[in-house]
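Chains as they are written, first to last, in this note's numbering: chain A, -6 to 145; chain B, 16 to 296. In what follows, a structure is listed as structure tokens, so that the remarks can point back to it.
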């Protein structure tokens, strides 16, 4: 019988796209192509206007995403994404998270990585849990209390 | 509207009871929603999406029949995406108002994010920040407490961090934007701005010990004219190499007394949280 951890790893990763709406640091042509290909794929995904804003708000969406198992995130630098989630009270699991950097990677590369079923975990090593950061502990019931999606 | 208010979540539903949208329609709806600041979940059966929670939700779809009733769930609203419907983004704005959810885009999210893999809790950022962004938690560790008070486009605190542990993800260049920190970054002059030199005092010692002795040394042994001259020299140097720090920030750097006061206030807040007496009390 497989362990819960291996079961999580074997499930297809959830997909998250950050539109980085409030800054001009991601090339617009990269964002446009990635979003277009994501929508063409017909795969389920989460698209957020701006991960920074979610982090500042400690938006429950971060905990939903971080707690949903393996995830691929098209956003910016892995170090920034790791600590944005931690600051939002939703630490990402180092071994089941892949961050694809739209600031520096070409759109075709981002799309290929995002839509591939293979997950290449790449969060920087080190403390990865929010409880390691001061004042960032996640209430134990915050992620568990979520009900199933109404429509999935 | 407080930053802690929970925003609206929009779900684009294409499962049983609704038609699958053409890719172009899906793209238009998602793009419009994102451009107006709304997050979107495109739900389906092939891969997982994040589960529901207490967020107010608007579910949009091209329904086979009438649009489902929105009652009785108080935070759930349904909407259509057929020809005669309002746009997805317009429906989201209406739902946002109906739920009294925070309007997106009211604040540009510019604030520091601490890389605790690198942070040594030296408190330079707390000392340096003019806007009260930083504080300490119950364990007296540095943390970002008031991110909405950060001066937009000011990365000054990351410049004074000796470990390159402060990120501004929207900054133009690394390592402040989250890019990998190289040894050369730490050795670069601009990453080594020493706030104690800048302010002409042994600030770190004061912050670390918060003892009467340190306070005394700080206030009595330093020659004020010499300190001011050193400060001006450092400010000139700082302005030359960090053109992106707003002038008003440079011109209103805290005095040693202000730093001491901020450190004491932070320690008092921490003591209040832990129930222990404040240092020096």
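Just so it is clear, CB atoms sit at the ideal spot from N, CA and C, and this is done for glycine as well. Model, not experiment: these values are computed from the prediction.
At the C-beta level, residue 45(A) and residue 77(A) come within 9 Å of one another. In chain order, 5 place their CB closer than 6 Å to the CB of residue 110(A), counting only its own chain and leaving out the 5 sequence neighbours on each side.
Using a Cβ-Cβ cut-off of 9 Å, residue 194(B) counts as an interface residue toward chain A, since at least one Cβ of chain A sits closer than that to its own. DSSP links residue 94(A) through a beta bridge to 68(A).
Around the beta carbon of residue 115(B), a 10 Å sphere encloses fewer than 16 other beta carbons of the protein chains shown; the residue is thus reported as exposed. The shortest C-alpha to C-alpha distance from residue 126(B) to any of 17(A), 114(A), 39(A), 48(A) is the one to 48(A). Taking a beta-carbon distance threshold of 9 Å, residue 78(B) does not count as an interface residue toward chain A. Residues of chain B with a Cβ closer than 9 Å to the Cβ of residue 18(A) are, in chain order, 184, 185, 186, 187, 192. Taking a C-beta cut-off of 9 Å against chain A, the contacting residues of the region 160 to 176 of chain B are 160, 162, 163, listed in chain order. At a cut-off of 9 Å between C-beta atoms, residue 35(B) counts as an interface residue with respect to chain A. The beta carbon of residue 160(B) sits closer than 6 Å to the beta carbons of 150 from its chain, once the five residues preceding and following it are set aside; these are given in chain order. Boundaries of the alpha helix (DSSP H) harbouring residue 106(B): 103 to 113, taken from the DSSP string. Under a criterion of Cβ atoms nearer than 9 Å, no residue of chain B is adjacent to residue 88(A); the nearest Cβ is some 16 Å distant.
Listed as beta-bridge partners of residue 34(B) by DSSP are 77(B).
Bounds of the beta strand (DSSP E) holding residue 11(A) are 7 to 11. When only Cα atoms are considered, residue 105(B) and residue 42(A) end up about 16 Å apart.
A Cβ-Cβ contact shorter than 9 Å links residue 10(A) with residue 40(A). Using beta-carbon distances, residue 91(A) does not count as an interface residue toward chain B, since no partner is under 9 Å. Of all alpha-carbon atoms in 138(B), 97(B), 71(B), the one lying nearest the alpha-carbon of residue 78(B) is that of 97(B). Residues are counted here when their Cβ sits less than 7 Å from a Cβ of chain A; for the region 97 to 128 of chain B these are 119, 123, 124, 126, 128, given in chain order. Taking 4 residues as the minimum length, the alpha helix (DSSP H) runs contained wholly in the region 34 to 59 of chain A are 44 to 50, 53 to 59, in order along the chain.
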